[in-house]
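Below is one structure; the comments refer to it alone.
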C-alpha cells in the first residue's frame, strides 16, 4: 500500500489557530456572519474578529449566521485536491449549521473516490481537534483508514463544554429548543452546556457566572487525564486565563487558548467560556 | 364552638377526668386567645410574620377542635386526641414545641382513666422531656426552661399535695418566676427588654386552666389588651353549618353597668364561636353569625356605644382561600418532589413554573403554615419521596414535624431560611434531581442554599432596641440574614443601606423580589439607582408579589 498525500478541509468554525492550519495546509471554508446590515465572510479578511466582539454586546438586532454559497467552498476543495491524492472534509454539525450542506453540494462536483465528507458533530476546537488529529495521522501514515481511525479515536474521547454568560443569545439563535423555550423564565440563568453529535444539552443551570465556571472546571477535571485541551472564550481573555490557572496541572503542554469564531460567538454571546477536551 | 368559661369554684380538685380536661383546655385556649397579642408583642424581632402568640393560639385551637365533639370520660383517651390535634395543627417553632409538650403529657396518661396529683407530676415531666427532644440543640431561657422549672415545682409538691388546684397554682407561680429569669439566660431577650414569648404563651394556657378551677371569669385585663385575632377560618375544613361560615363580627361595647354574663348569654343565643369578655363598662364581643346586624342591634338596644366594629364575610374568605389553595396543586413531577412555602403570586409562579416545585404551601410572610398544611400537601402528591422547603426559620420545625409524622412517604426537610435560599436550593434540585438519591439531593440543596445571602425589608411592628439599634413602630427596617441591620424612613434608603453593609461589590448578582405593595415602576427606578451605585454587579428584578415585605433580596 503506497503512501498517499491526504489533506484536510474544514470550515471557519473549527477555531484552529492560524499557525496550525498553515503547518498542516488545512483548507478553510468561511462561515458568514450577518450584522449591521452587512454579511461578512469569516475568512480572516472581510470580518475582523476582535472588532466584531467589541460590537457584539450592542448589536441590535442580534447578529445571525449563514452558510456560504457552495461556490465559495469549491475553490477551497479544488486547491486541496490539486495538492493531494485525497481530501478529508470535516464540518460543523449539520444539525446546527448549513455549512455541512453547502460543502457537501460543492464536493459533489469532485471525484467521489478522492473526497471523504464527515459531519464532526462538534463545534469550535471540538471540531478542531478532530481535524488536527486527522492531519497528524495523514502525515504519519499516508493512509486514509488510519486518518479515519484517528478521527474516531478523538470523537470517542472528546467533550465540549461551555459556561454561557447569558442565555439570551442562544435563545435568540432558535437552534436549541430548550433555550428557545426559556422566554418565560423569570430568573436569568447562566447555563452550562455540552455539545455532542450536534446536540446542545443543558448540563446545569446556575444563577451566577462564577458558579457556571466552577461547574466547567468540575466537568473538565472529570475528564482527566487530558491529551488535548483548548480553552475557548468569546472575547473574555481574562476569564480564559483564570480558567487555565484553575486547571493547572490538568493542562497538556500544548494547551491552546482560543477566541471563539464569530459564528459561534453570535450564538453563545460575549463573555462565555468553554473547553474542548480530549481525554487519554 | 362555644366557650363555657365559668365553673363553680372548688377548693379541692382531687381528680380530673376526660370531661374536666376538655373544659380546662378550653379555658386555656380562651385565656391564650385573650392574651395572644401580648405574646406577639414579645417577639424578639419586630417583624410582621411568625407571631408566637398567634402560632400558639392556632395550635391550641386545633388541639381543642380535635376534642370539641369528643365525649369521653377517660382522661388518657381525651388527652391522646388532644395531643394528636396539637401535633397536626402545630404552627411556628413555638407551636411545634407546644405540640410536643402535649404529646409527652398524653403519653404519660395513656391507659389512665383519671388524672390525680402524682400522675399529673409524671405527665408534666414526660411533657417537658418530649418538648426538649423537639429541638436539636435546646436553648435555655426559652419556653423549654419555663416548662421545666414549672414542672420541677409540681414534682416537688405533688408527693404531699393531692389537690390539683394547688399544683396548678404552684406550676403557674413557678412558671412566671422562670419566665422573669429568661432574660438572664438568653442575652438577646435582655437586649430587647422582653421575656420569652413562647414561655409566656405556655403560661397563659396553664393559667387559663387554673382560672377555670378557681371559678374566675376569664375576663379582660385592660382595654388596651383587647385584640382578638381574626378567627381561624383558614383552619376549618368544613363550614360550621349548611348555611356556610357566615360572618365574623367583632366589636367593643362601651358604656356603663354592663352585666357580662347576661351579654354572653344573649350573644350565645344569636350566634356561635362566642367570646364575650370584659367588665361593667367595656366588653369585647366576638361572634360568628349569619346576620351580622343582630349582635350589633342587640348591643345598641342595651345602650352601648360601639367601637372597633369589624365584620368579615367568612364564607367568601373561605372560598377565596380554597380557590387559592387548589389553583396550582397539580404540577406533577417524577421522582423526588419539592414542596415549597411561599407567599405572593410571583413567587408562587416562580417556584412552580420556573423552578420545578411540585406544589407550594401558602404562608411564610403572613401566616406560618401548620404541620397539617404540610401533611395535606404531601398527601396530595403521588410522589413517595418529597423534600420540604420552609423558606423561613420559624416554619422549619412544623415542616420537620410533618416529615416525622408521615410514615408512608420519605419526607425530608432542607431548612431554608429565606426565599432566596429556597430559590438557590431549587437550582441544585433542577441540576441534580436526575443523578442524585434523595439524601444526596437534600445535601446538595442545603449546600446551594448557603451560597446566597438574604436581605429583607419590612415595617417594624413595634418599637425595639436590638443589635445596638433603636427602631420605632412603623419604621422601615432591614434584616440581613435574619439579623436586624438597618432602619430608616424610606424603603429605598434601607435597601441601599443593606446592600452597602453586605459589601455588594464583592458579589456578582443581586436579585430584587419586589412585593405586592411596590409598583413595577417604583421597583425599576430603585433597580436603576442601585445599578448606578453598584455598577460591578448584575441587578435583576422579579415581581414576587409577597405581602408585608416590599423587598426580599438575594445576593450571590
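Chains as they are written, first to last, in our numbering: chain S, 1 to 280; chain X, 1001 to 1556. Ideal Cβ placement from N, Cα and C applies to all residues, glycine included. Being a predicted model, the structure only gives us computed values, none of them experimental.
- Contacts with chain S (Cβ-Cβ distance below 9 Å) from the region 1349 to 1363 of chain X involve 1349, 1350, 1353, 1354 and 1355, listed in chain order.
- In this structure residue 1456 of chain X is buried. Its beta-carbon is surrounded by 16 or more other beta-carbon atoms within 10 angstroms.
- Within the region 1410 to 1491 of chain X, the runs of alpha helix (DSSP H) that reach at least 4 residues and sit entirely inside it are, in chain order, 1419 to 1432 and 1438 to 1449.
- Counting the other Cβ atoms within 10 Å of the Cβ of residue 1471 of chain X gives 16 or more, which makes it buried.
- Close CB contacts of residue 80 of chain S within its chain, under the 7 Å cut and outside five residues either way in sequence, are with 7, 9, 27 and 87 (chain order).
- Between the region 1089 to 1109 of chain X and the region 1389 to 1402 of chain X, the count of Cβ pairs shorter than 8 Å is three or higher; the stretches touch.
- Rounded to whole angstroms, residue 164 of chain S and residue 1547 of chain X show a C-alpha spacing of 35 Å.
- Per DSSP, reduced to three states, the secondary structure at residue 1152 of chain X is helical.
- The DSSP-derived three-state label of residue 1381 of chain X is coil.
- Here the alpha carbon of residue 1119 of chain X sits roughly 21 Å from the alpha carbon of residue 1133 of chain X.
- With contacts defined by Cβ atoms closer than 8 Å, residue 246 of chain S and residue 278 of chain S do not form a contacting pair.
- When secondary structure is reduced to three states using DSSP, residue 1367 of chain X falls in the coil class, being assigned neither helix nor strand.
- By the criterion of a C-beta distance shorter than 7 Å, residue 1448 of chain X is surrounded in its chain by 1424, 1425, 1427 and 1428, once the five residues flanking it on both sides are discounted.
- In this structure residue 140 of chain S is exposed. Its beta-carbon is surrounded by fewer than 16 other beta-carbon atoms within 10 angstroms.
- If you check the CB distance, residue 1421 of chain X and residue 1452 of chain X come in under 8 Å.
- Chain-ordered, the chain S residues with CB closer than 7 Å to the CB of residue 1431 of chain X read 204 and 205.
- Closest in alpha carbon position to residue 1333 of chain X, among X/1311, X/1381, X/1137 and X/1058, is X/1381.
- The straight-line gap separating the alpha-carbon atoms of residue 268 of chain S and residue 130 of chain S is approximately 22 Å.
- Annotation for residue 1190 of chain X: the continuous alpha helix (DSSP H) segment containing it runs 1187 to 1192.
- Within chain S, 186 and 187 have C-beta atoms less than 9 Å from the C-beta of residue 1542 of chain X, given in sequence order.
- Straight through space, the alpha carbons of residue 1350 of chain X and residue 93 of chain S are spaced by roughly 35 Å.
- Around the beta-carbon of residue 1136 of chain X, fewer than 16 other beta-carbon atoms lie within 10 Å, marking it exposed.
- Closer than 8 Å to the CB of residue 1508 of chain X there is at least one CB belonging to chain S.
- In terms of beta-carbon proximity, residue 220 of chain S stays away from the interface with chain X, with every pair separated by 8 Å or more.
- Selection X/1158, X/1179 and X/1160 evaluated against residue 1147 of chain X yields X/1179 as nearest (Cα-Cα).
- With its beta carbon less than 8 Å from one in chain S, residue 1556 of chain X belongs to the interface.
- For residue 106 of chain S, the closest alpha carbon among the candidates S/55, S/73 and S/219 is that of S/73.
- Residue 1112 of chain X carries a coil assignment under DSSP once its states are collapsed to helix, strand and coil.
- Chain S places a beta carbon closer than 8 Å to that of residue 1427 of chain X, counting this residue as a contact.
- Residue-level contact check: residue 32 of chain S does not touch chain X, since none of the beta carbons of chain X fall below 8 Å from its beta carbon.
- Residue nearest to residue 1051 of chain X within the set X/1063, X/1064, X/1033 and X/1302 is X/1033 (criterion: CA-CA distance).
- Straight-line spacing of the CA atoms in residue 149 of chain S and residue 109 of chain S works out to 26 Å.
- Sequence-distant Cβ neighbours of residue 174 of chain S in its own chain, meaning closer than 6 Å and more than five residues away, are 180.
- The three-state reading of DSSP puts residue 191 of chain S in strand, counting E and B together.
- Put simply, of S/83, S/3 and S/276 the residue whose alpha carbon is nearest the alpha carbon of residue 226 of chain S is S/276.
- Among the residues facing chain X, residue 210 of chain S is included, as its CB has a counterpart in that chain under 8 Å away.
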